[in-house]
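Each remark here refers to the structure printed beneath this line.
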DNA sequence: ATTATCCCTACCTATTTGGTAGGGATAATT
DNA sequence: AATTATCCCTACCAAATAGGTAGGGATAAT
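Chains as they are written, first to last, in our numbering: chain A, 18 to 154; chain B, 18 to 154.
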């Protein structure tokens, strides 16, 4: 399952995209209220997104957040990897977070590995949809 | 990510299938040793599989486990649902474990929902592979 | 000076995960 | 009848993760 943090993060980015008008940044308060996300929890998520350079912030009285990386280049998979970690369901078939399964005897002949590699290959194209695509759905 | 329990469960069933010869049941000890699964932890998993009527057990000195439901009718998705729960990555698109996302404002227009329904639809056929298919990979 | 925002650290509770411990029941074998 | 190898059941446990909350400091517009 996706964590709420990732769900919140994606909803946040969609909201940001749909409200990046008249050159004003979008405040956390506004996101929190419109997307039903606990304010303080949202702040933590926004920080993560900023630290990973997806968005940038502006401080002060009319501060808020904007995209740093263009919305049409940010995919759902990107967000999932930043917040939740690997897309793949077992670590030994993850491209970005590879790890040996510690109980595995022979990775080369592991049937689970073949199956979950197939699975990952089917999942990835779907998750490569961008924030912009997603907003237009 | 899959839990180890589910990984162990699938490996257990493959092992069971590949060793159901000469009409003798397969012992937990044998599974544990050959598949590198902690014995006591495995016993719990076997119990779950038995309680869900995928396998049956025989007690006594030459006891062990056999399939109750034929191996060619048990899919990876079945096992995942028994041990880990839903396949879908968000609860509102799960077929077997549907639940409303509590922060969701309008399910009908939720973009995430559309995306993750697509995703589930891509995942399911892969996970519908049976233990027998998997063993032959 | 006030206010609205972002920024940072610390803390907290409940649940899940991945086990372990100990012993009872059963049935084949000796 | 005793031994042994198995399954069966309950209880417990430590570490990690999830989903927050609390409190206050820094910044910049008004």
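Beta carbons are placed, not taken as given, at the ideal position from N, Cα and C, and that holds for glycine.
**Prompt:** Is the number of C-beta pairs between the region 109–127 of chain A and the region 51–60 of chain A that are closer than 8 Å three or more?
**Reply:** no
**Asked** Is there contact between the region 138–147 of chain B and the region 90–110 of chain B, where contact requires at least three CB pairs shorter than 8 Å?
**Response** yes
**Prompt:** How many Å lie between residue 107/B and residue 39/B at the Cα?
**Reply:** 44 Å
**Message:** When you compare the CB of residue 135/B with every CB in chain A, is at least one pair closer than 7 Å?
**Reply:** yes
**Request:** Could you name the residues of chain B that residue 65/A contacts, counting a contact when the two beta carbons are closer than 9 Å?
**Result:** What residue 65/A touches in chain B: nothing, since even the nearest Cβ is about 18 Å away.
**Asked** With residue 37/A and residue 83/A assumed to form a contact (beta carbons below 8 Å), what rounded beta-carbon distance in angstroms separates them?
**Response** 6 Å
**Asked** In chain order, what residues of the same chain have a beta carbon less than 6 Å from the beta carbon of residue 21/B, not counting five sequence neighbours either side?
**Response** none
**Message:** Could you tell me the alpha carbon to alpha carbon distance between residue 30/A and residue 41/A, rounded to whole angstroms?
**Reply:** 15 Å
**Request:** Compute the Euclidean distance between the alpha carbons of residue 126/B and residue 74/B, then round it to the nearest angstrom.
**Result:** 49 Å
**Message:** For residue 48/B, would you say it is in contact with chain A, using Cβ-to-Cβ distances shorter than 7 Å as the test?
**Reply:** no
**Message:** Buried or exposed for residue 79/B, going by 16 or more other Cβ atoms inside 10 Å?
**Reply:** exposed
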